[in-house]
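*Asks:* If you count by the numbering used here, then the sequence shown holds residues 3 to 343, one letter each, in order.
Would you mind keeping the following structure in view while I ask a few things?
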Amino acid sequence: MRTAAILITGAGGEIGHGLIERLAQQSEKPIVTLDVRPLEAEVARCTSQEFVGSILDRSLLDRILAEFEVDLVFHLAALLSTRSEFTPVAAHEVNVDGTLNLLEFAQRQGESHGKPVVFLYPSSIAAYGLPDLDTKARVGKVKENEWTKPTTMYGCNKLYCEHLGRYYAKRYKQLAAEPLAGKVDFRCLRFPGLISAVTVPSGGTSDFAPEMLHAAAQGKPYACFVRPDTRIPFMAMPDAVEALLRLAAAPRLSLNHTVYNVGAFAPSAQEIRELVLAAFPNAEISFAPDHKRQGIVDTWPADVDDSAARADWGYAPAYDLERCFAEYLVPTIKQRYAQAP
Ligand code: AKB
């Protein structure tokens with residue numbers, strides 16, 4: 003007999019960190035994780051079994067398939083946008099081949115136990131590609147089906163995997179004698195930049211906002227790599243985790259789309275600097291735009307239209323910009339660095 007479980011890939015990353023704690027509080031089901039690095043002890047404590055290995059290792063996925071009956075997958079493992087531009091082939095392997103392996107894993111799980119496997123996939127605003135700043139300013143909030151011409155390897159990977167997920171859910175082996183689709187219940191969120199008070203991202207291009215805040219909280223100077231007027235959507239990490247859980251729990255019949263935008267606030271880099279300075283008045287924050295990374299952020303939308311998520315599964319972020327700083331980021335981050343050795 004296999005043990006029923008929830009599988010989380012990339013569990014040691016920023017989203018995994020918050021997700022595992024929340025899942026452990028609300029679900030009786032054992033949590034099985036897969037990450038290339040061992041989990042931090044406090045996160046590992048919330049899991050039943052931790053696999054240290056790669057999503058590219060199919061024999062490891064076969065072992066998990068043999069040992070666990072999984073009906074919920076959070077596939078979080080990915081190389082982010084900046085990192086992916088330096089190693090595009092590795093990014094394609096991890097972000098696309100890795101996702102294909104996980105979709106195949108979910109398909110085989112679904113075939114083995116007969117229930118659709120709910121598969122949560124975090125996509126990104128990197129799936130968008132605005133051609134120039136005038137267009138970005140003119141279009142404002144973008145809908146899911148608009149401007150999907152990504153300019154980065156990561157964005158291309160995310161957009162393609164959204165399509166792969168839809169294929170597995172609706173058309174998998176459509177010419178086979180027996181119907182095989184429907185075993186993977188693929189659900190995708192397009193996340194904006196995420197800001198956590200607990201973890202610092204690495205390898206992303208939206209990292210300027212969390213980096214600015216974490217540097218200020220540690221009394222370190224920070225030179226922001228985008229212009230002050232740069233604007234993209236962001237959300238607080240607890241809202242990102244809540245969104246994943248809420249979409250996972252939504253009744254299938256209420257979901258009219260495969261891919262949903264989610265956003266919460268869309269400040270400029272200058273507005274973020276002002277909020278950070280209000281909390282840490284001695285912070286030294288300057289602007290030293292890196293025109294190549296700036297070029298990537300300039301293709302991302304100024305904001306997203308998340309009305310479909312709100313209508314279909316009740317997406318409702320708890321934190322707007324002011325509340326996010328006042329009630330989540332600033333108090334939590336002060337506590338975090340006060341405790342740091
Ligand atoms: C990145 O910057 O690569 C990510 C993202 C926007 O998906 N944070």
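Here a beta-carbon is modelled for each residue, glycine too, at the ideal position from N, C-alpha and C.
Keep in mind it's a predicted model, so treat the numbers as computed, not measured.
From the DSSP output, which residues share a beta bridge with Ala7?
*Replies:* Val72
*Asks:* If distances are taken between C-alpha atoms only, which option among Leu161, Phe267, Ile298 and Ala219 comes closest to Cys326?
*Replies:* Phe267
*Asks:* Count the other C-beta atoms from every protein chain shown that fall within 10 angstroms of the C-beta of Asp73, then say buried if there are 16 or more, exposed otherwise.
*Replies:* buried
*Asks:* With C-beta atoms as the reference, is Val1 less than 8 Å away from Asn159?
*Replies:* With the chain running from 3 to 343 in the structure shown, residue 1 is simply not present.
*Asks:* Identify the residues that DSSP records as bridge partners of Leu196: which are they?
*Replies:* Met237
*Asks:* Cβ of Gly195 within 7 Å of any heavy atom in the ligand AKB?
*Replies:* yes
*Asks:* Output the distance between the C-alpha atoms of Ala313 and Glu52, rounded to the nearest integer angstrom.
*Replies:* Each residue's alpha carbon lies about 36 Å from the other.
*Asks:* With DSSP as the reference, label Ser50 as helix, strand or coil.
*Replies:* coil
*Asks:* Can you tell which of Arg189, Pro124 and Tyr130 has its C-alpha closest to the C-alpha of Ala304?
*Replies:* Tyr130
*Asks:* Locate the alpha helix (DSSP H) running through Asp300, then write down its first and last residues.
*Replies:* His293 to Asp300
*Asks:* By a C-beta neighbour count over all protein chains shown, 10 Å radius and 16 as the cutoff for buried, is His165 buried or exposed?
*Replies:* exposed
*Asks:* The alpha helix (DSSP H) spanning Leu104 covers which residue range?
*Replies:* For Leu104, the enclosing alpha helix (DSSP H) has its first and last residue at Gly100 to His115.
*Asks:* Measuring CA to CA, which of Arg60, Ser56, Val186 and Ala245 is closest to Pro40?
*Replies:* Ser56
*Asks:* Check whether the stretch 133-140 and the stretch 106-113 are in contact - that is, three or more C-beta pairs closer than 8 Å.
*Replies:* Counting Cβ pairs under 8 Å, fewer than three are found: no touch.
*Asks:* Do the CB positions of Pro212 and Val202 come within less than 8 Å of each other?
*Replies:* yes
*Asks:* Given a cut-off of 8 Å, decide if Arg4 and Glu44 are closer than it, judged by their beta-carbon atoms.
*Replies:* no
*Asks:* Quick check on the DSSP output: the alpha helix (DSSP H) that includes Ile335 runs from which residue to which?
*Replies:* Val332 to Gln341
*Asks:* Can you tell me whether Leu161 sits near the ligand AKB, meaning its C-beta is under 7 Å from at least one heavy atom of the ligand?
*Replies:* Because no heavy atom of the ligand AKB lies under 7 Å away, the Cβ of Leu161 does not count as near it: no.
*Asks:* Judging by CA-CA distance, which residue of Asn258, Ala311 and Ile274 is the nearest neighbour of Arg229?
*Replies:* Ile274
*Asks:* Among residues of its own chain, excluding the 5 on either side of Arg248, which ones have a beta-carbon nearer than 8 Å to its beta-carbon?
*Replies:* Trp315, Gly316 and Tyr317
*Asks:* Which residue wins for smallest C-alpha separation from Leu255, given the options Asp187, Gln27 and Phe210?
*Replies:* Asp187
*Asks:* Which term fits Phe88, buried or exposed, when burial requires 16 or more other beta carbons within 10 angstroms of its beta carbon?
*Replies:* So Phe88 counts as exposed.
*Asks:* Following the continuous alpha helix (DSSP H) through Cys226, name the residue where it begins and the one where it ends.
*Replies:* Segment Tyr224 to Cys226 is the beta strand (DSSP E) holding Cys226; no alpha helix (DSSP H) there.
*Asks:* Quick one: any contact between the stretch 205-220 and the stretch 278-294, if contact means 3 or more CB pairs under 8 Å?
*Replies:* yes
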